[in-house]
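Input: a single structure, listed below in structure tokens.
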Amino acid sequence: MKIFGAIELWRTRFDYRQDTVFNAATYLGFLEQLARRYRRQGAILIQDNASYHKDAEVWAWFRSNRHWLEVHQLPPYSPELNPTERLWQHTRKNGTHNRFFAGVDALLATLTRVFGEMQSHPLLIRSYLAPFC
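So this note's numbering is basically just the index in the sequence shown, starting at one, shifted up by 558.
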């Protein structure tokens, strides 16, 4: 199971999408999900250097959406600059670390619970963002 994630700074919201693999096609699906939410108001996307972030189709999508989306790349090997990494750490600590899951459905239920808890506590998300603001 793979999870794409993005943090909205102003409303301290965590957007995510579950998929089976990380690749350009699934990332484009996540970008379309973000576009449905943010296209009218505009957004800034800061992404790490995953190979699918650099795919030609992804950059073509960015070019065709630059009227509402500004994209920035983090330096290579710098997870400490990525605020989403702090949410992944929270998810591991509070949901998946040292736990056995009988199947994918049990894992997905736990992730949904942890993500829901984060959504219902915007101050928690903001606390992870504080060093970046």
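For every residue, glycine included, the Cβ atom is placed at its ideal position computed from N, Cα and C.
Opening and closing residue of the beta strand (DSSP E) in which residue i lies
i, result
"Ala564", "Lys560 to Glu566"
"Arg575", "Arg571 to Asp577"
Alpha-carbon spacing of residue i relative to residue j, whole angstroms
i, j, result
"Arg571", "Ile683", "7 Å"
"Leu627", "Leu603", "7 Å"
"Tyr585", "His611", "8 Å"
"Asn623", "Asp606", "19 Å"
"Glu638", "Asp663", "31 Å"
"Ile561", "Ala667", "13 Å"
"Ser678", "Ile565", "14 Å"
DSSP three-state assignment for residue i, whether helix, strand or coil
i, result
"Leu632", "coil"
"Arg644", "helix"
Rounded Cβ spacing between residue i and residue j (contact assumed at less than 8 Å)
i, j, result
"Asp573", "Gln599", "Actually they do not touch by this definition, with Cβ atoms about 14 Å apart."
"Val672", "Asn652", "5 Å"
"Phe580", "Ala608", "7 Å"
Limits of the unbroken alpha helix (DSSP H) element including residue i
i, result
"Arg684", "Pro680 to Leu687"
"Phe658", "Phe658 -> no alpha helix (DSSP H), and no H or E assigned at all."
Checklist entry - If you scan the stretch 580-633 from start to end, which runs of the alpha helix (DSSP H) of 4 or more residues do you find wholly inside it? => result 582-596 and 614-622
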